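Below is one structure, written out as structure tokens, with a few remarks after it.
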Amino acid sequence: MTKKYRLVAPEKPAAAFTIDYRAALNDSQFDVVTTADGPCLVLAGAGSGKTRTLIYRVAYLLEKGVRPEEILLVTFTNKAAEEMKTRVEGLLQMHSKGLWCGTFHHIGNRSLRIYSKALGLGDHFSILDEEDSRDLVKHCVKTVTSSSGGLKFPKPAVVHSVLSFSANSQISITDVIARRYPYLAQFARDFEAIGTLYTEKKRKTNHLDYDDLLLKWIELLDKVPAAKERFTAQFRFCLVDEYQDTNRLQHEIIRRLAERHRNVLVVGDDAQSIYSFRAAQIQNILDFPDIYSDAKIFKLETNYRSTKAILNLANDSIRHNKRQFPKTLASARGSGETPQFVRVRDTGQEAGFVAQKILELRDSGYELSDIAILFRAHYQAAEVELEMAKRGIPYVIRGGIRFFEQAHVKDALSFLKIVANPSDELSWSRALMLQPGIGAGYADKIIDLADAEGDDLKKVCQPAFGSSLPAKVREGLHKFKQVLRPLLTDGVSDHPDTMLEEVLAQGYNKHVLMNFENAQDRLEDLRELINFAHTYKDLKEFLGDVTLREGFKGETLAEGSGEEEVYQPLLLSTIHQAKGLEWRAVFVIGLAEGLFPHAKSMDNEENLEEERRLFYVAVTRAKEELFLVHPMTRYDYQAGTVINRPSMFVEELRSDLYEDVEVEEDNPEERTIYLE
DNA sequence: GAAAAATGGATTTTT
DNA sequence: TCCATTTTTC
């Protein structure tokens, strides 16, 4: 007989703290962590340990005996949510299981799944990603404009962005157009009609787009008393990160959720609000003290990141904004090198300067990964990219196609989506059109036939289904059935990973090999997707998360570096994507009027202030060295070569805060001849 | 249904 | 200029 040994879970002491909060935090951070009950606004300057404070607050609450499911922690991105969870777990040496931590959309999805029936959503709504939404809008555009015979109608992507902005800001479509898209005024009525149709189509096919996850969430709290009762009771503590970038809907959601316990802690920096173009409103954070008249306000103003020289420049810049909570960041570091304002002839010389300087920095002990090149818009990186490749400096450029929006991933998933939600027509047509012989027309016909069968997938898989169709189409349909059939077997549909394996085995594998030149890479992607799927036992949950999660492959590595060793590449990034990160040396390129601030932001004080905040974000990324580069001419596709004035964001600075540098070149003629 | 020609548009981007 | 998308053509 085997001897039994019983493993007992270690007992957690109720209110005995394992963490020495006093030692881990500065005074203001400590205040937040231990006293932030009731409505609280934490104004956290750049580099002031904002994330750290939030994490310790959560740990503190848990140690005080608050149950994990009573804490709601909302973040801006999935990545941030993952980081928070991991760090809380690391602090407490335990699993943070039960914590409601994620993005607004993620938590909305989770809440809606619980009450989908009460909301009349059925038990199987699917989520449309950006591309799906656009496709659906496209259909609607066609329907609406064919009747009115409209020529030169805006692109579906434009229509969708208007609809989405309208939803997120809760401003009517007509008003959104009037305010932000005046040149589309003549289409306002059409847009309204498309909006109505789009909503109707989503309802019919059981789809929610990203915006609906927020809209329906509010509806849930307003119209389903049981849901409201449950969530307002459950979330004793609501914590929101990056509050300056929340939009109207998100603000409304938090207001409702915190209604009962009123422990709402929002953290952010109004000086870093840079997402108004997707309906974020800085007013949410500015008005917080008015909405909660008893709100406590905390300021975190010690900056641990940058030298005094860099911070002085940042402080002097943001001071020009009117709409803000005035703050003065104090550096915890030494005075440091004076930032340099470098004037170069054109973008070619700009690239040359940046490259040479980077090599010098490397020689003086910097790793490439200590350095970043930041820019306002992606296209500004082109020449720098070229130069890096030419000089063999390995680099990574942030952005690129998102993993889960790539064709092959969506193809493979479409079969699973049909199983999860048979009324998902988009996935039907996607999966059907993969088969040779079936085009858009026949896909629609088949979908109608399936609809007539009441979307009974088992019936669809029988040989009799579709027997009236032409031979070629039947052949394709037969193959489609072959893929779908195994997915319906009992036991399989509980395992998204097995389902994906089946899809690959039944022919998609071959399809990838035959249709994509980089087939090997794509198949590897799909293996990765299967690994990810392995952690799920519920199909719908898996599909929801896949759609809501940005890819693990957001970066493209540049090749041709020569060095095969494990190298740490240099980063090229837009300023938006650099938010929250830091480097020892930062180059901000393209600091010219018209580029930065962007020409389209110049006519309006609000936009201009946002551009200045963007500049502020850029310079506060630097820890030790900051280079502001001004290309004095640029090539415009309409006007040819244009003279660039320096950016007003530099001109308005006190001139003792930076050092002027002019670039001399050995052989200015050579380049031109070389290029001709 | 695929290849060739024409057109148009060019901030920022997560979910 | 350069790219992606749409329209046209075979």
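Residue numbering for the first sequence is 1230 to 1905, as defined by the working numbering. Yeah, the Cβ is synthetic: ideal placement off N, Cα and C, and Gly gets one too. All of these numbers come straight from a predicted model, not from anything done at the bench.
In this structure, serine 1345 lies away from glycine 1337, with their beta-carbon atoms at least 8 angstroms apart. Between valine 1879 and arginine 1850, the gap from beta carbon to beta carbon reaches 8 angstroms or more. Rounded to the nearest whole angstrom, the CA to CA distance from aspartate 1673 to lysine 1381 is 27 angstroms. Taking the Cα positions, asparagine 1307 is about 21 angstroms away from glutamate 1481.
Between the C-alpha atoms of threonine 1403 and phenylalanine 1394 there is a straight-line separation of about 11 angstroms. Cysteine 1369 is positioned such that its CB atom lies closer than 8 angstroms to that of isoleucine 1423. For tryptophan 1446, the CB contacts under 7 angstroms within the same chain, skipping 5 residues up- and downstream, are Gly1337, Ser1340, Leu1341, Ile1482 in chain order. Glutamate 1838 sits close to asparagine 1550, with the two beta carbons spaced by under 8 angstroms. Contact between tyrosine 1845 and glutamine 1501 holds: CB atoms are separated by about 7 angstroms, below the 8 angstroms threshold. Put simply, the backbone Cα of glycine 1819 is about 7 angstroms away from that of glutamine 1609. The Cβ atoms of proline 1383 and leucine 1357 do not sit closer than 8 angstroms to each other. Boundaries of the alpha helix (DSSP H) around glutamate 1839: 1834-1848. Nearest to leucine 1603 by alpha-carbon distance, out of Asp1889, Val1858, Gly1294, Val1892, is Val1858. For alanine 1253 and arginine 1286, the gap between their C-alpha atoms comes out near 12 angstroms. Here serine 1564 is exposed, its C-beta having fewer than 16 other C-beta atoms within 10 Å. Secondary structure within the stretch 1538-1609: the alpha helix (DSSP H) runs of 4 or more consecutive residues, fully enclosed, are 1576-1592 (chain order). Tyrosine 1439 sits buried, since 16 or more C-beta atoms from the chains shown fall within 10 Å of its C-beta. Judged by DSSP in its simplified three-state form, leucine 1444 adopts helix.
DSSP links valine 1871 through a beta bridge to Arg1863.
Around the CB of valine 1871, fewer than 16 other CB atoms lie within 10 Å, so the residue is classed as exposed. Within the same chain, and ignoring the five residues on either side of histidine 1490 in sequence, the residues whose Cβ sits closer than 6 angstroms to its Cβ are Arg1465. With respect to the 8 angstroms criterion, valine 1496 and valine 1271 are classified as neighbours on the basis of their beta carbons.
Judged by their CB atoms, histidine 1827 and arginine 1552 are not nearer to each other than the 8 angstroms cut-off.
Residue Lys1710 holds the alpha-carbon nearest to the alpha-carbon of lysine 1687 among Arg1562, Tyr1671, Lys1710.
Counting the other CB atoms within 10 Å of its CB gives glutamine 1749 a total below 16, which places it among the exposed residues. Where aspartate 1754 is concerned, the enclosing alpha helix (DSSP H) starts and stops at 1748-1763. Proximity of the stretch 1515-1534 to the stretch 1261-1280 meets the contact definition, three or more beta-carbon pairs being nearer than 8 angstroms.
In this model, alanine 1347 and alanine 1487 are separated by some 22 angstroms (Cα to Cα). Within the model, the alpha-carbon separation for leucine 1717 versus alanine 1734 is close to 15 angstroms.
For histidine 1334, the enclosing alpha helix (DSSP H) begins and ends at 1333-1344. If you keep only unbroken alpha helix (DSSP H) runs of at least 4 residues inside the stretch 1365-1437, you get 1385-1398, 1402-1409, 1417-1433.
With respect to leucine 1290, leucine 1328 sits apart: the two C-beta atoms are not nearer than 8 angstroms. Assignment of lysine 1852 by DSSP, reduced to helix, strand and coil, places it in the strand class.
In this chain, the alpha helix (DSSP H) harbouring serine 1257 covers 1256-1264. Look at alanine 1455 here: in three-state DSSP terms it is helix. Residue pairing from DSSP places glycine 1823 in a beta bridge opposite His1827.
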